[in-house]
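Q: As given, the protein sequences belong to chains A and B, one line each in that order.
Start counting the first sequence at 1; every next residue gets the next number (my numbering).
Start counting the second sequence at 114; every next residue gets the next number (my numbering).
Submitted below is the structure of interest, expressed as structure tokens.
2 protein chains.
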Amino acid sequence: MTYDIDPLQSVIETLSDPTRRAVLDLVRAGVSTAGEIAKHVPVSRPAVSQHLKALLDAHIVLVRIDGTRRRYSLRPEGFSPLQSYLNDMWDQALDEFSAYVETYAEKRDGEPK
Amino acid sequence: MTYDIDPLQSVIETLSDPTRRAVLDLVRAGVSTAGEIAKHVPVSRPAVSQHLKALLDAHIVLVRIDGTRRRYSLRPEGFSPLQSYLNDMWDQALDEFSAYVETYAEKRDGEPK
DNA sequence: ACTCCTCGTAAGCAGTGACTTACCGTAAGT
DNA sequence: ACTTACGGTAAGTCACTGCTTACGAGGAGT
């Protein structure tokens, strides 16, 4: 991952790896520590650490230090950039649909009662 | 891109490339042909074709053949897997928030009037 | 039929990113 | 103090992917 000033880019990029999503799912499910997560995922513990770092950098996960452990938790606001992006898509779809309905209704038989 | 039976995986993976999102944005904006898109993007025309193929495979874009041209258009339903995934995240956030509110209210002073 | 235009596909290359092993720092328990 | 458990970081490897150039297929117009 290079620099990433763009929040949307970093969120999508981070979510695009399946293993990383698996890690995220475990965090979501309450498995909060790196070692514990590693037991449920087919990669080594350092790999999990690296994924957790990526999730942190994308701001979709939080750490709380707890003695020698680090407890990770979900940070749902982190998904906002992605959600906004999707909303744009849906809006567009709606706009085009209503435009289509309008022209269709007009060209066909004008205003239906 | 390997095989991808998983729709969520293919959508996220496809959206994760910035150039590809730029191509998608142009399609959204009504620039429907490969050659025309290539004029607005800092890569070669074949590169654009490859991106369009990826978008097709992920089912977030459609083609209509029009003589010697191919007109691409947005297919918003293609985003559904991603939207569902996000919804899960938000739901989870809501659940945890209300659980927190409940225990907090209970432990603190019982049911507020 | 010949040319022009549009565009997908093949092949090859270079950069990136997801892993692994090895290592080191640090808190907790005895 | 010593040991044990946790876990982040470094270095190196390998596969993948996004790019380019070169090519070929197929409609449209003359």
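Where a beta carbon is used, it is the ideal one built from N, C-alpha and C, also for glycine.
When the Cβ atoms of the segment 6 to 18 of chain A are set against those of the segment 117 to 134 of chain B, are three or more pairs found closer than 8 Å?
A: Contact between the segment 6 to 18 of chain A and the segment 117 to 134 of chain B is present, because at least three Cβ pairs lie under 8 Å.
Q: With DSSP as the reference, label LYS113(A) as helix, strand or coil.
A: Below a pLDDT of 50, predicted positions are generally treated as unreliable, and LYS113(A), at 37, falls in that range; the measurement from the model is reported next regardless. If DSSP states are grouped into helix, strand and coil, LYS113(A) belongs with coil.
Q: Does the beta-carbon of ALA54(A) have 16 or more other beta-carbons within 10 angstroms, so that it is buried, or is it exposed?
A: Counting Cβ neighbours within 10 Å, ALA54(A) comes out buried, since at least 16 surround it.
Q: At which residues does the alpha helix (DSSP H) containing ILE173(B) begin and terminate?
A: Where ILE173(B) is concerned, there is no enclosing alpha helix (DSSP H), given that its DSSP letter is neither H nor E.
Q: So which residues of chain A does GLN122(B) contact, with C-beta pairs closer than 7 Å?
A: Result: PRO18.
Q: Any beta carbon of chain A sitting closer than 9 Å to that of ASP228(B)?
A: With chain B covering 114 to 226 only, the question about residue 228(B) has no answer from this structure.
Q: So, under 8 Å CB-CB, GLN205(B) and ARG75(A) are touching, yes? Tell me the CB distance rounded to an integer number of Å.
A: The pair is not a contact, with the Cβ atoms about 11 Å apart (cut-off 8 Å).
Q: Since VAL161(B) and VAL136(B) are thought to touch, with beta carbons under 8 Å apart, how far apart are those beta carbons, to the nearest angstrom?
A: 6 Å between Cβ atoms; contact.
Q: May I ask you to report which of helix, strand or coil DSSP gives ASP179(B)?
A: Three-state DSSP puts ASP179(B) in a strand.
Q: Return no unless some Cβ of chain B is closer than 9 Å to the Cβ of ILE12(A).
A: Yes, its Cβ sits closer than 9 Å to a Cβ of chain B.
Q: Can you name the residues that DSSP bridges to TYR72(A)?
A: Answer is VAL63(A).
Q: Quick one: Cα of GLY191(B) to Cα of ALA171(B), how far?
A: Whole-angstrom Cα-Cα distance: 7 Å.
Q: Whose CA, out of ILE5(A), ARG45(A), PRO81(A), ARG70(A), lies closest to the CA of ARG20(A)?
A: Of ILE5(A), ARG45(A), PRO81(A), ARG70(A), the residue nearest in Cα terms is ARG45(A).
Q: Between LEU62(A) and chain B, is there a C-beta pair that is closer than 9 Å?
A: Judged by the 9 Å Cβ criterion, LEU62(A) is not in contact with chain B.
Q: With distances taken from CA atoms, which of ILE178(B), GLY143(B), ASP201(B), ASP138(B) is nearest TYR85(A)?
A: Of the candidates ILE178(B), GLY143(B), ASP201(B), ASP138(B), the one whose C-alpha sits nearest the C-alpha of TYR85(A) is ASP138(B).
Q: What does PRO81(A) reach in chain B if we use C-beta pairs closer than 7 Å?
A: Neighbours of PRO81(A) on chain B: none; closest Cβ ~11 Å, over 7 Å.
Q: Cβ-heavy atom distance between GLY78(A) and the ligand SAM below 8 Å?
A: Judged by which ligands are present, the structure shown has none, so any question about the ligand SAM falls away.
Q: List the whole-angstrom C-beta distance separating ALA34(A) from LEU52(A), where the pair is believed to meet the contact cut-off of C-beta under 8 Å.
A: The Cβ separation is near 6 Å, so the contact holds.
Q: Buried or exposed, going by whether 16 or more other CB atoms sit within 10 Å of the CB of ILE173(B)?
A: ILE173(B) comes out buried.
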